[in-house]
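Structure first, commentary second.
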Amino acid sequence: MKIFLDTANINEIKEGLALGVVDGVTTNPSLAAKEKRPFRPLVEEICALVPGDVSLEVVATDLEGMVKEGEELAQIGPNVVIKCPLTKDGLKAVKYLTGKGHRVNQTLCFSATQALLSAKAGAYYISPFLGRLDDIGAIGMDLIRDITEIYRVQGFKTQVLAASIRNPLHVIDAAKAGAHVVTLPFSVLEQLMKHPLTDIGLKKFLDDWAKSGAKI
Ligand code: G3P
129 MKIFLDTANI NEIKEGLALG VVDGVTTNPS LAAKEKRPFR PLVEEICALV PGDVSLEVVA
189 TDLEGMVKEG EELAQIGPNV VIKCPLTKDG LKAVKYLTGK GHRVNQTLCF SATQALLSAK
249 AGAYYISPFL GRLDDIGAIG MDLIRDITEI YRVQGFKTQV LAASIRNPLH VIDAAKAGAH
309 VVTLPFSVLE QLMKHPLTDI GLKKFLDDWA KSGAKI
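Each step along the sequence shown adds one to the number in our numbering, with nothing skipped, and position 27 is 155.
See the structure below:
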């Protein structure tokens, strides 16, 4: 399973890449707006930094606009994956852009039927939002399980990119459900590597070592 960072923050991306466990980046209009920088140079910097896939989202809602913006974004680099929302025009955009040789991440997926149509249209990634489903009292992970099963049984090549991840348990469950990718806020990536027993154990090792007076 690949790990992507869900951020448009350059420092977080640099730190994640330095850890050696980050395979790519996903952004969205909210994350980009948070950076308070002109969009184009920001995403050019991200695409140059990240060796793996970088999802950049269109903001147009009509087919023509999505295609125009998507094609502009794709020119930024070979690692760009165009992100289109899962609407009627968004599905048409997947079909069109995929036909032109682009890769599309279809975002804002909240149902298995949406995911089925997106795969049929040729999406490269499908992004089910599990945290936002949990927020309304649904079980987001059930959607990840349904989609991975449908894609497996039906032989679709579309990769399941579990998005709207809020905690480490989401990561474990998405991995068990067979998601191809999880995209994480930097705070969740930090949580994944932490364990209080590691900190306690390290302190004890170093205290014992210091008391012994030994040297390496
Ligand atoms: O980038 C899409 C998704 O990961 C957003 O997550 O936390 O805003 O629901 P969130």
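Virtual Cβ for every residue (Gly too), placed ideally from N, Cα, C.
- Look at Q203 here: in three-state DSSP terms it is coil, with no helix or strand label.
- In this structure, ligand 1 has no non-hydrogen atom nearer than 7 Å to the beta-carbon of F314.
- Following the DSSP letters along the chain, one finds A302 in no beta strand (DSSP E) but inside the alpha helix (DSSP H) bounded by residues P296 to K304.
- For P296 and N156, the gap between their C-alpha atoms comes out near 21 Å.
- Inclusion of E163 and A146 in the CB contact set at 8 Å is not warranted, their separation being larger than that value.
- Taking all protein chains in view, the Cβ of S315 is surrounded by fewer than 16 other Cβ atoms within 10 Å, so the residue is classified as exposed.
- Beta-carbon to beta-carbon, A291 and P256 are separated by about 7 Å, close enough to satisfy the 8 Å threshold.
- Under DSSP, N233 takes part in a beta bridge, and its partners are K211 and Y253.
- With a threshold of 7 Å, the Cβ atom of R165 does not count as near ligand 1, since no heavy atom of the ligand is closer than that.
- In the DSSP annotation of this structure, the continuous segment of the alpha helix (DSSP H) that includes V171 starts and ends at F167 to L177.
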